[in-house]
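Residue numbers (this note's numbering): 78 to 252.
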């Protein structure tokens, strides 16, 4: 329950230990929400990016060395990390930006474009992960895996670069 509380900025009377990546909430909520600005959110998301890219690199090295039995659990770790990242990004970043950028049509439109683009990339990555979920058990999947992984890795790296350069700077405390 704590993750949902953290995602939605809810507080309880009883003090609870916060996860290492959760900073104290600061400032007012985004208009019309209970989601507050978090000073370390972008740092947390960037750490997620580095971790996911590292995991994809490990998957690639294992697969290219013919160690599909090692690649399979790494794919599962990547799937779990990606889903967690997207959940935090969708609630903590996009919902916050949706409300705080409402008065800035150009930034608001840019944020929506990023969100739509991520939905499309997310569908492709999820399809890739579903297709190769049995990689360690089904040798017939090995033939197409490396090329498909390269395509997913390239799309992910490009998306991460654009998020960090263009989208993340839009995240700021409510004035």
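C-beta: ideal position from N, C-alpha, C; glycine also.
Computed from a prediction, not measured in an experiment: that's the story for all the values here.
Asked, Found
"Taking just the CA atoms, how far does residue 136 sit from residue 241?", "23 angstroms"
"Does the Cβ-Cβ distance between residue 239 and residue 198 come in under 7 angstroms?", "no"
"Can you name, in chain order, every residue of its own chain whose Cβ lies under 7 angstroms from the Cβ of residue 174, other than the five neighbours on each side?", "188, 247, 248"
"According to the Cβ coordinates, are residue 157 and residue 107 closer than 7 angstroms?", "no"
"Work out the CA separation of residue 250 and residue 113 for me, nearest whole Å.", "8 angstroms"
"Within 8 angstroms, do at least three Cβ pairs link the segment 207-222 to the segment 166-173?", "no"
"Can we say the segment 147-162 touches the segment 115-131, given the rule of at least three CB pairs closer than 8 angstroms?", "yes"
"Where does residue 221 sit, in a helix, a strand or coil, going by DSSP?", "helix"
"Return the CA-CA distance between residue 216 and residue 204, expressed in angstroms with no decimal places.", "19 angstroms"
"I need the straight-line Cα distance from residue 183 to residue 190, nearest angstrom please.", "11 angstroms"
"Thinking C-alpha only, which one of 219, 185, 145, 196 is nearest residue 243?", "185"
"When the Cα atoms are used, what is the spatial distance from residue 145 to residue 219?", "8 angstroms"
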